[in-house]
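J.: Before I ask anything, let me first share the structure, which is written out below as structure tokens.
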């Protein structure tokens, strides 16, 4: 989960999370709605620039992140061409997808999940769901850690020696992990109750100022997008 | 009930829904400002005892008094506010995506204003020396750092009583020392501390009072030297004698030291005692400490 | 299609199959930005009633027993972890389970729907599997349709008194296949073939994805059975408690 790590160290982290989210999603949706090769290219290039220059993401890593959905791009593109036999459509969809991924990466590489959830809370998502998301997010890392050590322990006992064994090991680790997670759930609830939990999970809200020049820059970016759509098609 | 009794358990028994009896007839009085070590094998009921003291679990029989008032379903929140538990596994305690939010969870549940919460979080972070970690996510912290976060969680709630469930388990020596210093600090602030542990040497040097819990009941309750003097009981509970106490006994049996009831708790105290002993070896009657 | 184009298609296809062996074979997440805006919204709206049902059920359950919240969160995290793990495969490729089939068998389809949605959101943010705009489409195929079929099949098999292992295998594997069919439908509807319309393009999408999805579905079934067996060995009381709760809920 290297992408998340960048979100924590990014200089862009300290920009207002609501603004970043609104901006990222607006670009994403507009890019999709404008449906133009030029706009998609602009989003791809500019978002890479923003993330690499201001977000201090290493260019190599950024390209590696972009390559992650490459399989779907290639396979999907192949399938799409096979199905529709329209090269222009394939090109358009592929570039649009790359653009959308870039816009989304701007968001995920600059805003940690915790802050995204705080934004969701501001959007009046029911507190039950927000609480569930907070816990689920935290548990992902706890369980991944446990899985890691179980995997290593199984490996050291030749649990992955051949295909049949490795399937059985995977299943065994899976059921143990699930069982363990249920047991942990009890402890976790006790710990929450011990700290006065009474049905709603709430944390101190972080106050981030929203600078006028950031808003202006975001608006400018979208204006440029519109202009490109208007003049380059 | 005595004036300075803070938390009292009167004939408390507890069993889970499955019918398994975990604690039977526990009588215990804790006075303000005490430093108590809770010893006993795993599964003896130490954690359950803590959960009862904090009000998360309700006793099946008997009652709990806090500052002389009986705690029941209605005012169990008062108990949770005044008694804080630091769980053994920090991972099952930490729930928030950043250190600052994590520490704010308790104070927010106390329904404090956000200014007060902010101030308490800052204070708690400072008291465990985690300045600069505020925005870090807990999953990128080391085990020792997580432990400190889980302690700060409770410090921010400002309880009177702190219950530490095996705070030194799985910590490297440096972090274990840090935690011990923290325990000293809290004790210096007049807080009441209960620490469950398997480390008899730590219990011997740190605690004023030792409880031994075994098979769900309180087997011993007294000062460290008094408790460890009951050899049969310690053997039953699989507790070895603290190294210092053994050295002390050895020195006394060879007539190299006369502790006269002043049992040295640390190596430094032993050294001092040895020095004093050399200065004035006089066959005076045993003085009670 | 002229000769040159045919050649191109063949090359692209072979490259893709080769690629399919090395990078990740997601359990059919549709990528960010792949669907046109209208379809994103449509699939999102289609999800709402199902999610609402799940949400109401979760809220009721939390009201009845507050401690379910940590259990639900842990189970959701388990679905995330199990679906982000590489599963052992013969070719050395790296593929993933959906995990939602297991969720449906254990917790029922409604809760799995909500948990699956949250998991998909986190997968998009943390792992770049799927995406925000395609969340609706992905949630429909992976968190709603697949688990629902799994659940129905599991119930049906139970009624017919088929052995538990067999029924778990059938439910999980067919649920996985159904997910892949729904994803193909989603793609086909968004990109109909200029000659034969949606039907032709659907057949083609199904055909293209079949070679990777069939083995994956079988693996999903096998692994789900193995996990359920493990649970039966170690956690009979917990499983019975879950069964009882599900009985009350439905």
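Protein chains in written order, with the numbering used here: chain Z, 804 to 1036; chain L, 71 to 359; chain G, -13 to 236.
The beta carbon of each residue, even a glycine, is placed where N, CA and C say it ideally should be.
The structure displayed is predicted, hence computed values, not measured ones.
Taking all protein chains shown into account, decide if residue 112 of chain L is buried (16 or more other Cβ within 10 angstroms of its Cβ) or exposed.
T.: By 1-based counting over the second chain, the position of residue 112 of chain L is 42. Classification for residue 112 of chain L: exposed.
J.: Quick one, are the C-beta atoms of residue 174 of chain L and residue 1006 of chain Z less than 8 Å apart?
T.: By 1-based counting over the second chain, the position of residue 174 of chain L is 104. By 1-based counting over the first chain, the position of residue 1006 of chain Z is 203. In contact: residue 174 of chain L and residue 1006 of chain Z (Cβ atoms closer than 8 Å).
J.: For the segment 256 to 332 of chain L, list the beta strand (DSSP E) runs that are entirely contained and at least 3 residues long, ordered along the chain.
T.: Qualifying beta strand (DSSP E) stretches, in chain order: 262 to 266, 279 to 284 and 287 to 292.
J.: At 7 Å on the CB atoms, spell out the chain Z contacts of residue 187 of chain G, in chain order.
T.: As a working note, residue 187 of chain G is residue 201 in the third chain. Neighbours of residue 187 of chain G on chain Z, chain order: 886 and 887.
J.: How about residue 819 of chain Z: is its C-beta nearer than 8 Å to some C-beta of chain G?
T.: On the first chain, residue 819 of chain Z is found 16 positions in, with the first residue counted as 1. False, the Cβ-Cβ gap to chain G never drops below 8 Å.
J.: Looking at the C-beta of residue 930 of chain Z, does it have a partner C-beta in chain L at a distance below 8 Å?
T.: Position 127 of the first chain, counted from the first residue, corresponds to residue 930 of chain Z. No - not a single Cβ of chain L is within 8 Å of the one on residue 930 of chain Z.
J.: Can the beta-carbon of residue 158 of chain L be found closer than 8 Å to that of residue 223 of chain L?
T.: On the second chain, position 88 is the one that residue 158 of chain L refers to. On the second chain, position 153 is the one that residue 223 of chain L refers to. Against a cut-off of 8 Å, the Cβ pair of residue 223 of chain L and residue 158 of chain L comes out as no contact.
J.: Would residue 63 of chain G count as contacting chain Z if we go by Cβ distances under 8 Å?
T.: Numbered from 1 along the third chain, position 77 holds the residue referred to as residue 63 of chain G. Judged by the 8 Å Cβ criterion, residue 63 of chain G is in contact with chain Z.
J.: Mind listing which residues of the segment 153 to 169 of chain G have their C-beta closer than 9 Å to chain Z's C-betas, in chain order?
T.: Flagged: no residues at all.
J.: Who are the neighbours of residue 45 of chain G on chain Z, taking C-beta pairs under 7 Å?
T.: On the third chain, residue 45 of chain G is found 59 positions in, with the first residue counted as 1. Near residue 45 of chain G (Cβ distances below 7 Å), the residues of chain Z are 931.
J.: Looking only at C-alpha atoms, which of Z:948, Z:809, Z:964 and Z:994 sits nearest to residue 122 of chain L?
T.: Sequence index remark: in the second chain, residue 122 of chain L carries index 52 (1-based). Residue 122 of chain L has its Cα closest to that of Z:994, out of Z:948, Z:809, Z:964 and Z:994.
J.: Classify residue 198 of chain G as helix, strand or coil using the three-state DSSP reduction.
T.: Position 212 of the third chain, counted from the start, is the residue given in the question as residue 198 of chain G. Residue 198 of chain G: helix per DSSP, three-state reduction.
J.: Is residue 863 of chain Z near the ligand HEM, with its Cβ less than 7 Å from a heavy atom?
T.: The model depicted lacks the ligand HEM and carries no ligand whatsoever.
J.: Could you work out which residues of chain L lie near residue 814 of chain Z, taking near to mean beta carbons separated by less than 8 Å?
T.: Taking the first residue of the first chain as position 1, residue 814 of chain Z is located at position 11. Correct list: empty, because the minimum Cβ distance to chain L is about 13 Å.
J.: If distances are taken between C-alpha atoms only, which option among L:305, L:279 and L:110 comes closest to residue 102 of chain L?
T.: To locate residue 102 of chain L, count along the second chain from 1; it is residue 32. Residue 102 of chain L has its Cα closest to that of L:279, out of L:305, L:279 and L:110.
J.: Assign residue 102 of chain L to one of three DSSP states: helix, strand, or coil.
T.: Indexing the second chain from 1 puts residue 102 of chain L at position 32. Residue 102 of chain L falls in the coil class under three-state DSSP.
J.: Kindly give me the distance between the Cβ atoms of residue 975 of chain Z and residue 55 of chain G, rounded to whole angstroms, as I take these residues to be in contact under 8 Å.
T.: Along the first chain, one-based indexing puts residue 975 of chain Z at 172. Along the third chain, one-based indexing puts residue 55 of chain G at 69. About 28 Å separates the two Cβ atoms, so there is no contact after all.
J.: Would you say residue 105 of chain G and residue 911 of chain Z are within 8 Å of each other, going by their C-beta atoms?
T.: Locating residue 105 of chain G in the third chain gives position 119, where the first residue counts as 1. Locating residue 911 of chain Z in the first chain gives position 108, where the first residue counts as 1. For residue 105 of chain G and residue 911 of chain Z, no; Cβs fall outside 8 Å.
J.: Give the DSSP-derived three-state secondary structure of residue 1017 of chain Z in the structure shown.
T.: The residue given as residue 1017 of chain Z occupies position 214 in the first chain. The answer is helix: DSSP assigns residue 1017 of chain Z an H, G or I state.
J.: Since residue 168 of chain L and residue 215 of chain L are thought to touch, with beta carbons under 8 Å apart, how far apart are those beta carbons, to the nearest angstrom?
T.: As a first step, residue 168 of chain L must be located in the second chain, where it is residue number 98. As a first step, residue 215 of chain L must be located in the second chain, where it is residue number 145. About 13 Å separates the two Cβ atoms, so there is no contact after all.
J.: Looking at the structure shown, is residue 78 of chain L part of a helix, part of a strand, or coil, going by DSSP?
T.: Residue 78 of chain L sits at position 8 when you count from the first residue of the second chain. Looking at residue 78 of chain L - three-state DSSP - the assignment turns out to be strand.
J.: Which class does residue 223 of chain G belong to by DSSP, given the choice of helix, strand or coil?
T.: The sequence position of residue 223 of chain G within the third chain is 237, counting from 1. Residue 223 of chain G: helix per DSSP, three-state reduction.
J.: According to DSSP, residue 232 of chain L sits in a beta bridge with which residue or residues?
T.: Taking the first residue of the second chain as 1, we reach residue 232 of chain L at position 162. BP columns for residue 232 of chain L point to L:154 and L:263.
J.: What is the residue span of the beta strand (DSSP E) that residue 141 of chain L lies within?
T.: As a working note, residue 141 of chain L is residue 71 in the second chain. Per DSSP, residue 141 of chain L belongs to the beta strand (DSSP E) from 139 to 141.
J.: Taking the alpha helix (DSSP H) that residue 170 of chain L belongs to, which residues open and close that run?
T.: Indexing the second chain from 1 puts residue 170 of chain L at position 100. Residue 170 of chain L -> alpha helix (DSSP H) spans 169 to 179.
J.: Name the residue from G:15, G:27 and G:16 whose alpha carbon lies nearest to the alpha carbon of residue 832 of chain Z.
T.: As a working mapping, residue 832 of chain Z is identified with position 29 in the first chain. Of G:15, G:27 and G:16, the residue nearest in Cα terms is G:27.
J.: Taking 8 Å as the CB-CB limit, is residue 216 of chain G close to chain Z?
T.: In the third chain, counting from the first residue as 1, residue 216 of chain G sits at position 230. Yes, residue 216 of chain G lies at the interface with chain Z (some Cβ there is under 8 Å from its Cβ).
J.: To the nearest angstrom, report how far apart residue 251 of chain L and residue 859 of chain Z are at their CA atoms.
T.: Residue numbering aside, residue 251 of chain L sits at position 181 when the second chain is read from its first letter. Residue numbering aside, residue 859 of chain Z sits at position 56 when the first chain is read from its first letter. About 39 Å.
J.: Return yes when the Cβ of residue 83 of chain L is within less than 8 Å of the Cβ of residue 94 of chain L, no when it is not.
T.: Start at 1 with the first residue of the second chain, and residue 94 of chain L comes out as number 24. Start at 1 with the first residue of the second chain, and residue 83 of chain L comes out as number 13. Contact: yes.
J.: So what's residue 8 of chain G in DSSP terms, helix, strand or just coil?
T.: Taking the third chain and counting its residues from 1, one reaches residue 8 of chain G at position 22. Any reading at residue 8 of chain G must be qualified, since the residue scores a pLDDT of 35, below 50, and its modelled position is unreliable; the value itself is stated next. Residue 8 of chain G falls in the coil class under three-state DSSP.
J.: Cβ closer than 8 Å: which chain L residues qualify as neighbours of residue 954 of chain Z?
T.: The residue you call residue 954 of chain Z lines up with position 151 of the first chain. Simply none; closest approach about 17 Å.
J.: What do you reckon, are the CB atoms on residue 206 of chain G and residue 87 of chain G nearer than 8 Å?
T.: Counted from its first residue, the third chain places residue 206 of chain G at position 220. Counted from its first residue, the third chain places residue 87 of chain G at position 101. In contact: residue 206 of chain G and residue 87 of chain G (Cβ atoms closer than 8 Å).
J.: Distance check for residue 153 of chain G and residue 163 of chain G, CA to CA, integer angstroms please.
T.: Residue 163 of chain G sits at position 177 when you count from the first residue of the third chain. Residue 153 of chain G sits at position 167 when you count from the first residue of the third chain. Cα-Cα distance, rounded: 15 Å.
J.: Nearest-angstrom Cα distance between residue 771 of chain Z and residue 985 of chain Z?
T.: The requested residue 771 of chain Z is not part of the displayed model; chain Z covers only 804 to 1036.
J.: Taking only runs that begin and end inside the segment 865 to 899 of chain Z, name each unbroken beta strand (DSSP E) of 3 or more residues, in chain order.
T.: Counting only runs of 3 or more, we get nothing.
J.: Less than 8 Å separating the beta-carbons of residue 253 of chain L and residue 213 of chain L?
T.: Position 183 of the second chain, counted from the start, is the residue given in the question as residue 253 of chain L. Position 143 of the second chain, counted from the start, is the residue given in the question as residue 213 of chain L. The answer is no: Cβ separation not under 8 Å.
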